[in-house]
Structure formats: structure tokens, C-alpha cells
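Residue 1227 in the working numbering sits at position 269 of the sequence shown, with consecutive numbering throughout.
Ideal Cβ placement from N, Cα and C applies to all residues, glycine included.
Note that the coordinates shown come from a computational prediction; the quantities given were computed from them, not determined experimentally.
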Amino acid sequence: MLVVPLSHERNLARRWPWVTTVIVLLNVAALFLCTMNDQRVAIELEQRVQEAAEYYAQHPWLELQPPLTTWLPDLARSAPARAPEPGSPIAEQQAELDRQTQELEQARHGLSSWRFGYNHARGEWPGLLTHQFLHRGVLHLLFNMWFLWLVGCNVEDAWGRLLFTGFYLSGGAIAGLVHAWMTGSSQLILIGASGAVAAAMGAFLVGFASTRIRFFGLLLIRPMTFSAPAYVMLPLWASGELVSGVADSGGGVAHWAHVGGFVYGFLVALGLRLSGVEKRIDEVLDQSEGYAVDPAITRASALIDAGKPAAALALLREHATAPEQSGALALSELLRAQRALGDHEGALATQLRLLEGYLQQQAVEQALGVFEELCAEGARGRVPPHLVLRLARQYRRRGDAERAASAFEEVHSASQRSEHALPALLGHAELALELGRADAARQLYERARSFVSRDVQVESAIRQGLARASQLRRPSTQPPPPA
959 MLVVPLSHER
969 NLARRWPWVT
979 TVIVLLNVAA
989 LFLCTMNDQR
999 VAIELEQRVQ
1009 EAAEYYAQHP
1019 WLELQPPLTT
1029 WLPDLARSAP
1039 ARAPEPGSPI
1049 AEQQAELDRQ
1059 TQELEQARHG
1069 LSSWRFGYNH
1079 ARGEWPGLLT
1089 HQFLHRGVLH
1099 LLFNMWFLWL
1109 VGCNVEDAWG
1119 RLLFTGFYLS
1129 GGAIAGLVHA
1139 WMTGSSQLIL
1149 IGASGAVAAA
1159 MGAFLVGFAS
1169 TRIRFFGLLL
1179 IRPMTFSAPA
1189 YVMLPLWASG
1199 ELVSGVADSG
1209 GGVAHWAHVG
1219 GFVYGFLVAL
1229 GLRLSGVEKR
1239 IDEVLDQSEG
1249 YAVDPAITRA
1259 SALIDAGKPA
1269 AALALLREHA
1279 TAPEQSGALA
1289 LSELLRAQRA
1299 LGDHEGALAT
1309 QLRLLEGYLQ
1319 QQAVEQALGV
1329 FEELCAEGAR
1339 GRVPPHLVLR
1349 LARQYRRRGD
1359 AERAASAFEE
1369 VHSASQRSEH
1379 ALPALLGHAE
1389 LALELGRADA
1399 ARQLYERARS
1409 FVSRDVQVES
1419 AIRQGLARAS
1429 QLRRPSTQPP
1439 PPA
């Protein structure tokens, strides 16, 4: 089963994640430059290997030395075809083969992975930093950078650019050391940003544990999407890496680097939170960026963390106004307090206010995250139809046809004569046309036509939709052309 994260609910960021952006761009540039360099080196290596192979074929009594024993394993295993010719200058011939071997070794050192990767046996400590910007290919780069973007933006926003930069680079270095320590494979060269990215994932788990992550998966050949909280999926991923590391599954994947980076990120984030440093950083960042977060919200958050949700609730009720950013923050803290107190009805009302506030702010990811959380809690039916209609349109824009169709149908089936039923029917019909479902689209447009409407544009949209549905059906109903 293949599972890939698509997105997650993101809090309202205070600033653009410049460090994360620069890291991604540096990795892309490094792949481009290293690919060009390695193509040139590969040509030189091929020529030198060919020359050495030809020379050895002419003098099979000579002794192969590394790295020729690796490049020419078949020749290395075979017995000499004939004895040395009488009077052959064997010492000179061996010296010539050794010279070619040395030139091959020097050429191999020109490969990007050799120059900038991390090899514990060589003790080249700069490789602990430079290996984080090298990748085996485009897919390796894409997966690492996508995971980094999903979690790094939020961690950078919470900690600030300077701290996040140091954390990211140190996380990759620690991951490399753990990999070398646990595997004992001192000759292997480590490349890739996955250790540093795993550290960011560990930090994300501490700071955004309840965030729901949307995934795309393939179960056999059937595609599907689902969402789950970070506190479930991230430990599950780390556990899988731990099992793979213990089992030594190999496959060219540095499982222990992932485990080491994840644990490092988790411990650093936990230490910052428990020591109060994270909260002080947050206050400094707010002041430096000119954000005026109500001190009452900050005090309420501290009270919740201290296990006093009732006191926090009293502070927050007068500050939770949905349209503004501070209101969204207050509502988020109010929701935490209500959940801690077991106030399910109050939490539901706050979630609905958050949902409407996010939609007003065009914060689509957050709105969809809250809605899916309500669905998972069995409270989907409590969401007002006008909000479900807006969410259906957002799902349609994102290309999530299944959720969009379900939301549209929920609105127009609940009440045939509500003010939201007609736009829901039209949206559902247009979606059916986009999916090529002519019969379903025609039925939906016919139902919409039964509404008494004096809106010329609506009537025109229905006529055009029915015409398009007829055009979609026509090719399948026409007889085949004569032979």
C-alpha cells in the first residue's frame, strides 16, 4: 500500500517561510549542478575503466587492486588465462595497471556524492552539512522537499528563521551521526535531506500534534484519500522506520538517519516547549512583526497548558471573535479549553464558528480541515447548509469530486425548496458534466428546472447544461458509420 501526504490544516502563518523556501531552492539547484557534474565524471570513469579492462585482458597475470575489483568483478574472479610471457617486465606492467587504477580512483572522487556526501570512515566532517543538499534523482528530491514543505513552514513560523535554520542543519548532522553509529557501515556514503526533514517532522509532532493530515493512498490499484491527525500518522511512520532499521531491510534507504532525525526533532521541540522558550520566542516574534495578540489569549493558553481550562475559558469567552486573526487564535484556544472540560456541545459551536471564520478569510485548508474533523466526529449534520455549499465548491476547485458531489447532494436533498437547494443542484450538475456523467447531469438539471425561478441567468445555465449533457450522450447513441 502506497500512502503519500497531500496537505494538512495550517495555522495562519505570520510570515512567508523564507528559510524553507531557500532550502528547497538550494536542493533543486544542487541536483541540477550535481547531475551535470556527474554526467561528465561518468564519461571519464567509463573511459578509464575500459582502458584498464583492456590492459588487464592483455596481461591477465597481474593483480587487480580496488576500485578495479569493484568495477571489474568478473575479471577479478576469473583465473589468469595464461602464465606470464617469458621475460615479461611484470613489475613494470603491474605498476602501469596500478597507475590506471589510481587515476580511476581520482576520477571517482570527482563524483558529487563522493565530494559532498558524508562518509564516517573518511572523517570529513563538512559532509555532515553538505550531504543534506544532495539527492539520487528527481523522485528522491521531490519526496523530501514535499515533506519538508508540509512541516517546515509551520515549524519555521513558530520558531523564527534563525532558530529554524540552526535546528534544520543540526538535525541533518545528528541524523548522519546516528546512521553511522547504528549501521557500522563506515564505507557507505550518505546523501539526502531526509534526516533533516525527519527532524522537522519530529518538531511538528510536538507543536501541531492535533493537526489533521490528508493522504492519498493506493490500496492494490484502488486510489483513495483519507485524513488522520499528526499524533497518529507521524509516530506510525517513525515506528516503521525503526522496524526497518532493526530488520536492516537495506534498499539504499537510511532508516536510522530517519529515526535519529525524528527523535532529535521531537526532543528539541519538547525541550523548547517545557522550558517555556517556545512561548518566549512566540512573543518576541509577535512583537518584532507588529502583531498585537491579546495578552489574555496568551494567559489563557498558559492556563490550559497548566491544566486549568476552566480559568482559561472565562478569559477567552469575551475575546473569541471569529473574523480577525486574533479571533481565530482565541477560538482555537477556546476549543482546547472546552475539549479539556469535556464540553462537547460548546466545542461543536466553537468549531462551527471557526469553520465560518476560516471561510470568510479564504483560509480554505483550515476550513476543510475543521469540516473533516466534524465529519470524523459524527457532527456533519450540524453544519449549516450554506457552509456545506461553500465547502462543496471548494472541494470541486481542488478536484476532489467525491467529496464535492457528496456535499452538493447533502444540501439539495435536505430541503427541496430551501434557498440553497437550487445552487447546490446546479453545482452538482456542472460537476457531473465535468466528470462526463451525462445522464446524472441531465437528471440534476431537470430537477433544477422544476424550481420556479425568474432569474434569466439561472434559466440560461440550465438550458446550456442540458444541451451539453445531450452532446455528451450523442456519441454513444449514434450507430457506427457504415463500412
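State buried or exposed for Ala1286, treating a residue as buried only when at least 16 other CB atoms are found within 10 Å of its CB. The residue in question, Ala1286, is buried, as its Cβ has 16 or more Cβ neighbours within 10 Å.
Quick check: the stretch 1206-1222 against the stretch 1148-1160, are at least 3 beta-carbon pairs closer than 8 Å? A contact exists between the stretch 1148-1160 and the stretch 1206-1222.
Cβ distance (whole Å) where Arg1006 is taken to contact Leu1062 below 8 Å: Sure, about 5 Å apart at Cβ, within 8 Å.
Decide if Ala1158 is buried, meaning its Cβ has at least 16 other Cβ atoms within 10 Å, or exposed. That one is buried.
So, Val1346 versus Leu1310, is the Cβ gap smaller than 8 Å? Contact: no.
DSSP state of Leu1055 mapped onto helix, strand, coil: DSSP places Leu1055 within a helical segment (H, G or I) once states are collapsed to three.
Could you name the residues of the same chain whose beta carbon sits closer than 7 Å to that of Ala1362, not counting the 5 residues immediately before and after it, in chain order? Closer than 7 Å at Cβ, skipping near neighbours: Ala1350, Tyr1353, Arg1354, Leu1389.
In chain order, what residues of the same chain lie with their CB nearer than 6 Å to the CB of Leu1299, ignoring the 5 residues before and after it? Once the five neighbours on either side are set aside, the close Cβ partners of Leu1299 are Pro1267.
Please list the terminal residues of the continuous beta strand (DSSP E) segment that includes Ala1186. Bounds of the beta strand (DSSP E) holding Ala1186 are 1180-1187.
Look at Tyr1013 and Ile1132 and say whether their C-beta atoms are less than 8 Å apart. It is not a contact, given that the beta carbons lie outside the stated cut-off.
Just tell me which of His1302, Glu1303, Ile981 has its CA closest to the CA of Arg1451. Shown here, the chain extends from 959 to 1441; a query on residue 1451 therefore has no answer.
Keeping to the same chain, check which residues put their C-beta closer than 8 Å to that of His1067; ignore five residues upstream and five downstream. For His1067, where only same-chain residues beyond five positions count, the Cβ hits under 8 Å are Arg1073.
May I ask you to report which of helix, strand or coil DSSP gives Glu1282? Confidence in Glu1282 is poor, its pLDDT being 47 and thus under 50, which makes the residue's placement unreliable; the coordinate value appears in the next sentence. In the structure shown, the three-state DSSP call for Glu1282 is coil.
Tell me the rounded alpha-carbon separation between Arg1400 and Thr1183. Between Arg1400 and Thr1183, the alpha-carbon positions lie close to 28 Å from each other.
Whether or not the stretch 984-1004 and the stretch 1078-1093 are in contact is what I'm after, with contact meaning three or more pairs of Cβ atoms, one per stretch, closer than 8 Å; do they touch? Verdict: yes, contact present.
With a Cβ-Cβ cutoff of 8 Å, do Thr1308 and Leu1292 count as a contact? Yes, the Cβ-Cβ distance between Thr1308 and Leu1292 is below 8 Å.
Is DSSP giving Leu1022 helix, strand or coil here? In the three-state reduction of the DSSP assignment, Leu1022 falls in the coil class, being assigned neither a helical nor a strand state.
For Ala1406, report the span of its alpha helix (DSSP H) as first-last. Run containing Ala1406: 1396-1407, per the alpha helix (DSSP H) assignment.
In three-state DSSP terms, what is Val1351? Rather than Val, the amino acid found at residue 1351 in this sequence is Arg. Secondary structure of Arg1351 (DSSP, three-state): helix.
Tell me which same chain residues have a C-beta within less than 6 Å of the C-beta of Asn1077, skipping the five on either side of it? The answer, listed in chain order, is Ile1147.
Please report the straight-line C-alpha distance between Ala1161 and Ala1188, rounded to a whole angstrom. When rounded, the distance between both Cα atoms is 11 Å.
Provide the residue(s) that pair with Tyr1076 in DSSP beta bridges, ordered along the chain. Tyr1076 is bridged by DSSP to Leu1148.
Kindly list the residues whose CB is nearer than 7 Å to the CB of Pro1281, restricted to its own chain and excluding five residues on each side of it in sequence; keep chain order. Because Pro1281 carries a pLDDT of 42, less than 50, the predicted location of this residue cannot be relied on, and the following value inherits that uncertainty. The answer, listed in chain order, is Gly1315, Gln1318.
Out of Val1416, Ala1359, Arg1356, which one is the CA nearest neighbour of Pro1381? Of the residues Val1416, Ala1359, Arg1356, the one whose Cα lies closest to the Cα of Pro1381 is Val1416.
Where does Pro1381 fall in DSSP's three states? Helix, per DSSP.
Met1103 versus Val1226: straight-line alpha-carbon distance, rounded: Each residue's Cα considered, the two are about 22 Å apart.
Counterpart residues of Phe1173 in DSSP-defined beta bridges: Residue pairing from DSSP places Phe1173 in a beta bridge opposite Pro963, Phe1184.
Just mark Pro975 as buried or exposed, buried being the case when its beta carbon has 16 or more other beta carbons within 10 Å. Burial is judged here by how many other beta carbons sit within 10 angstroms of a residue's own beta carbon; Pro975 has at least 16 and is buried.
Could you name the residues of the same chain whose beta carbon sits closer than 6 Å to that of Leu1391, not counting the 5 residues immediately before and after it, in chain order? Apart from the 5 residues on each side of it in sequence, Leu1391 sits with its Cβ closer than 6 Å to the Cβ of Ala1399, Arg1426 in its chain, given in chain order.
Would you check if there are 3 or more beta carbon pairs closer than 8 Å linking the stretch 1049-1059 to the stretch 1015-1023? Contact holds: three or more Cβ-Cβ distances are below 8 Å.
In or out: Gly1385 buried (at least 16 other Cβ within 10 Å) or exposed? Around the beta carbon of Gly1385, a 10 Å sphere encloses 16 or more other beta carbons of the protein chains shown; the residue is thus reported as buried.
Would you please state the rounded distance, in angstroms, between the beta carbons of Ile1262 and Ala1288? I believe it to be under 8 Å. Contact between Ile1262 and Ala1288 is absent: CB atoms are separated by about 12 Å, not below the 8 Å threshold.
CB-CB length for Glu1114 against Val1242, believed under 8 Å: Val1242 and Glu1114 do not touch by the CB rule: their CB atoms are close to 15 Å apart, not below 8 Å.
Please classify Lys1266: does DSSP put it in a helix, a strand, or coil? Correct three-state label for Lys1266: coil.
Taking only three categories from DSSP, how would you classify Leu1192? The DSSP-derived three-state label of Leu1192 is helix.
Can you tell me whether Arg1275 is helix, strand or coil according to DSSP? The answer is coil: DSSP assigns Arg1275 none of H, G, I, E or B.
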